[in-house]
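Engineer: Structure provided below as structure tokens; questions to follow.
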Amino acid sequence: MSAPYQITGVVLPNSADLETLPPPPPRLDISELQKNYEKQFALFILAFNKIMEPGFKPVAASFHEIAGIHGMPYVPWAGEPDEVRQSSRAPWLGYCNHASILFPHWHRPYLLLLEQIISDVAFGIASEFANPPKKSGYEDQENLTQAQKDQDAEDWMTAAAKLRFPFWDWTKEDIPQIFKDATVELKIPLKDKIVNNPLACYHFEVGDVKRSVDGFNNRWQAIGGKTTVYKHSARSYYRDWPRTFRNPGSMVHTEDNYEGISEIYKEDQYQRGSLKNLRADVAGMFRFPHGIDPRQCANAWDEFSNTTFQSAHQDPNRPREITSPYSWGATPLEQSHNTVHLLVGGIGHMADNDTAAFDPIFFLHHCNVDRLLAFWEHIYPEYTAGTQGYLQPDGITRAPFTQSGGTWLGADSQEVHDQSPLWPFRNSNYNHWNSQESHSLMYTSDPDAPASVYNKYYTYPDIVDKAGNVVKIDTDPAKRTELKVREQQRRYLQDYFGYVPKKGPNDSKYHREYFVRVSLHPAFVEGSHNLEVSIKTDKVDYKFGSVAVLSRGASDKCGNCQAQRAGGVRVRGIVPIPYEQVSQLQPFTTMEEGEGTDERFIGALKEALGAKLVLLNGLIHSNLVSTDHAGPGAARALSNNQTPHLELVSCAVYQKSGSEDPDVPYDFEDWQYHGELGQIKKDGKTLGRSWVLGYH
1 MSAPYQITGV
11 VLPNSADLET
21 LPPPPPRLDI
31 SELQKNYEKQ
41 FALFILAFNK
51 IMEPGFKPVA
61 ASFHEIAGIH
71 GMPYVPWAGE
81 PDEVRQSSRA
91 PWLGYCNHAS
101 ILFPHWHRPY
111 LLLLEQIISD
121 VAFGIASEFA
131 NPPKKSGYED
141 QENLTQAQKD
151 QDAEDWMTAA
161 AKLRFPFWDW
171 TKEDIPQIFK
181 DATVELKIPL
191 KDKIVNNPLA
201 CYHFEVGDVK
211 RSVDGFNNRW
221 QAIGGKTTVY
231 KHSARSYYRD
241 WPRTFRNPGS
251 MVHTEDNYEG
261 ISEIYKEDQY
271 QRGSLKNLRA
281 DVAGMFRFPH
291 GIDPRQCANA
301 WDEFSNTTFQ
311 SAHQDPNRPR
321 EITSPYSWGA
331 TPLEQSHNTV
341 HLLVGGIGHM
351 ADNDTAAFDP
361 IFFLHHCNVD
371 RLLAFWEHIY
381 PEYTAGTQGY
391 LQPDGITRAP
401 FTQSGGTWLG
411 ADSQEVHDQS
421 PLWPFRNSNY
431 NHWNSQESHS
441 LMYTSDPDAP
451 ASVYNKYYTY
461 PDIVDKAGNV
471 VKIDTDPAKR
481 TELKVREQQR
491 RYLQDYFGYV
501 PKKGPNDSKY
511 HREYFVRVSL
521 HPAFVEGSHN
531 LEVSIKTDKV
541 DYKFGSVAVL
551 SRGASDKCGN
561 CQAQRAGGVR
571 VRGIVPIPYE
581 QVSQLQPFTT
591 MEEGEGTDER
601 FIGALKEALG
611 AKLVLLNGLI
621 HSNLVSTDHA
631 GPGAARALSN
641 NQTPHLELVS
651 CAVYQKSGSE
661 DPDVPYDFED
671 WQYHGELGQI
681 KKDGKTLGRS
691 WVLGYH
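The numbering of the sequence shown is UniProt numbering, which starts it at 1 and goes up by one.
Structure, rendered in structure tokens:
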């Protein structure tokens, strides 16, 4: 039996002979890599192509095998050959770690695995380019001097040493052209410089070789309940499609629809979603203040790391509501992550966790998620899950985090914490990685130090805002950024990701900001879907945000997913309401600053807000409508505990300095609850709204 595959990150071939390890190179934006680092880019493309080839060895490091870790085919990864093949619950329930406090850190060694094998292959290619053989296919180098040959050889080996896996910064630009082209031209010492582009898709059929994935079945997305299928329902042809597709049409012979994906990046204020909304989700991750009571740090990590926010939902009689005082109104990292999955996928592979990792863009997307995680860890290094669970609402007792269904090796509702193993990923000591070791990009330069086992061997480029302020991720344990500076950097990141609050009148120190807090049952609609929220002003519906449910369709082999569905685990999200739209409401225009909780205003705002559930092909599943105006739709009213739950909340936004200071972050306090969107008080009466099927 072969030994488990060790995941170490990119360890340089001669690192054992060095007294001090060189600083970790940055993972680069894919557009930057292609434009300014020709040799690194060429090695990346060629190495990625290589590991996609049928029969690549070692099998555990082939792209096909790595992609299968995330979802289907739900078989043990070849890199973990000595695992027990069956749990006490079922034969195989997958490695799924989503909607869990382990979500961010499970994906970090997952990316390291792919980065590591691409680096290994790239070194081999670079060695050959550094000493090109005199054979067919290679360019003649007789016209080069020896000095030129030596320099070129050194450049190729340096490029291999610095190559790290790139990210796609979806907060900045539309899908780059490199993801769309079937081929790409490289500057390499080969006569044939045009090669297949591995970032465009993954082919399940290569020549006579068919690499079908067990479990890839054609799926309908039902809309009138769990099984009802209408003529306009979308069908994903996973079994029949010969390659991965992005936002395709619902047909066997289809193609990628990048124009539909690009809609979100157009500067249209009434467009469904927008880049501004996506960036607002990221900016919302930095609402946490510094100085949270250490007893509550695990609660903060829970709110940031995933969309379930287990620690905030402690009343079994009110499972849809936040009932813990330990909530900071921040946006979870997983919220924007889910949105991009659905945006890119449509009814294609990226929009289903069972199939997503077979699309190469998955890994560049997750590299950007890891980048955002790294900057958040830099700003809030002390906010971790720990090993003692979370603080309960009584402020005294603690309860353990649990993961409903666990993974295939974990029991149902098994406790999870910072030291829980991140199966199936093992480090150089053959122990499984855990969140404590995966946390942060701190880097030990002494190769003999025990802590060097947990080096990731990469960092990310600095973030620089429009004013030139720099946020650099800490990697040196001996030179940590002090709290005062990190507090300033929190403001710079708020600015960089586009958070621009309204300024209060008459030098007011604060204003109120309004949010829609969302709770969705993932089983209410089978398969992935979006909840879109809008506000009607001047008879125009302005769609200002969304919360995505990233599902695994009807999969019955994901233990974590099964248990979450059965246990009623819900997807949470929070969406800021743009002040520009709020200020147009009539009651607001007659108010003084600070009176934003007036009952007339709250009623008008709730009445102006709307919501709908939208399927992957754009079809509306259901709408939140007035009970008094449901008309014929009243017969289609949906009434059960799985319907979406939306609340209006607000907070005071202010700066501790008391006045506008570009180095002082915005803080968010005095959170107030203004009731469900389904209940509106107006003119002394309570008006009700219900969820009604949108298609009939």
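We put the beta carbon where it would ideally sit given N, CA and C, even for glycine.
Tell me where the beta strand (DSSP E) around T686 begins and ends.
Structural biologist: K685 to L693 is the extent of the beta strand (DSSP E) around T686.
Engineer: In whole angstroms, what separates the C-alpha of K39 from that of L163?
Structural biologist: Their Cα atoms are separated by approximately 9 Å.
Engineer: Tell me which residues share the same chain as D663 and place their Cβ nearer than 7 Å to its Cβ, disregarding the 5 neighbours each side in the sequence.
Structural biologist: Closer than 7 Å at the Cβ level, and outside the excluded window around D663, lie Q488 and R491.
Engineer: Would you be able to state if there are at least three C-beta pairs under 8 Å between the segment 136 to 152 and the segment 182 to 191?
Structural biologist: These segments touch.
Engineer: Give me the DSSP bridge partner(s) of I117.
Structural biologist: The partner list for I117 (beta bridge, DSSP) is empty, contrary to what the question assumes.
Engineer: Could you compute how far the alpha carbon of A449 sits from the alpha carbon of L333?
Structural biologist: Going by the C-alpha atoms only, they are around 32 Å apart.
Engineer: Does the segment 29 to 39 come into contact with the segment 466 to 484, if we say contact requires no fewer than three beta-carbon pairs (one atom in each stretch) closer than 8 Å?
Structural biologist: The segment 29 to 39, when compared against the segment 466 to 484, does not touch it at the 8 Å Cβ threshold.
Engineer: Would you call the segment 204 to 218 in contact with the segment 169 to 188, where contact means no fewer than 3 C-beta pairs closer than 8 Å?
Structural biologist: No, the segment 204 to 218 does not touch the segment 169 to 188.
Engineer: Our contact map puts A611 next to T339 with C-beta atoms below 8 Å; I'd like the distance itself, whole angstroms only.
Structural biologist: Actually they are not in contact, since the Cβ atoms of A611 and T339 sit about 16 Å apart, beyond 8 Å.
Engineer: Closer than 8 Å, CB to CB, is A652 near chain D or not?
Structural biologist: Given the protein chain composition of this structure (a single chain), no chain D is represented.
Engineer: What residues in its chain sit with their C-beta under 7 Å from that of A130, if we drop five residues either side in the sequence?
Structural biologist: Closer than 7 Å at the Cβ level, and outside the excluded window around A130, lie A153, W156 and M157.
Engineer: To test your reading of the DSSP string, which unbroken beta strand (DSSP E) runs of 3 or more residues are found completely within the segment 366 to 437?
Structural biologist: Entirely contained in the segment 366 to 437, the beta strand (DSSP E) runs reaching 3 residues are, in chain order, 401 to 403, 414 to 416, 421 to 426 and 432 to 434.
Engineer: For G545, is the classification buried or exposed, using 16 other Cβ atoms within 10 angstroms of its Cβ as the cut-off for buried?
Structural biologist: When all chains shown are included, G545 counts as buried.
Engineer: Would DSSP call Y237 helix, strand or coil?
Structural biologist: Strand.
Engineer: Considering Cα atoms alone, identify which of V575, A61, N623 and V582 is closest to E647.
Structural biologist: It is V575 whose Cα lies nearest to the Cα of E647.
Engineer: If we ignore side chains and look at the alpha-carbon of each, how far apart do D598 and Q642 end up?
Structural biologist: Taking the straight line joining both Cα atoms gives about 31 Å.
Engineer: Helix or strand or just coil, what does DSSP make of Q6?
Structural biologist: Strand at Q6.
Engineer: Classify L364 as helix, strand or coil using the three-state DSSP reduction.
Structural biologist: Reduced to three states, the DSSP call for L364 is helix.
Engineer: According to the neighbour-count rule (16 or more other Cβ atoms, all chains shown, within 10 Å of its Cβ), is D370 buried or exposed?
Structural biologist: Counting Cβ neighbours within 10 Å, D370 comes out buried, since at least 16 surround it.
Engineer: Take every Cβ of the segment 164 to 172, pair it with every Cβ of the segment 358 to 373, and state whether three or more of those distances are shorter than 8 Å.
Structural biologist: With the cut-off at 8 Å, the segment 164 to 172 and the segment 358 to 373 touch.
Engineer: Since C297 is in the alpha helix (DSSP H), which residue starts that stretch and which ends it?
Structural biologist: Here the alpha helix (DSSP H) through C297 covers C297 to S305.
Engineer: What span of residues does the alpha helix (DSSP H) with E32 cover, start to end?
Structural biologist: Its alpha helix (DSSP H) spans residues I30 to N36.
Engineer: Measuring straight from C-alpha to C-alpha, what distance separates Y542 and L441?
Structural biologist: Taking the straight line joining both Cα atoms gives about 40 Å.
Engineer: Taking the Cβ atom as the reference point for each residue, do H674 and I602 lie within a distance shorter than 8 Å?
Structural biologist: Taking 8 Å as the Cβ cut-off, H674 and I602 qualify as a contacting pair.
Engineer: Can you pull the DSSP bridge partners for N623?
Structural biologist: Answer by DSSP bridge pairing, in chain order: K612 and V692.
Engineer: Would Y238 be called buried (16 or more neighbouring beta carbons within 10 Å of its own) or exposed?
Structural biologist: So Y238 counts as buried.
Engineer: Just the Cα atoms here: how many angstroms apart are Q6 and P109?
Structural biologist: Cα-Cα distance, rounded: 10 Å.
Engineer: Going by CA-CA distance only, name the one from S435, F425 and G346 that's closest to D418.
Structural biologist: Comparing Cα-Cα distances from D418 to each of S435, F425 and G346, the minimum goes to S435.
Engineer: Quick check on E185: does DSSP put it in helix, strand or coil?
Structural biologist: Strand.
Engineer: Based on DSSP bridge pairs, tell me the residues matched to D352.
Structural biologist: For D352, which the question treats as bridged, DSSP gives the partners S551.
Engineer: Opposite K681 in the DSSP bridges: which residues?
Structural biologist: Per DSSP, T686.
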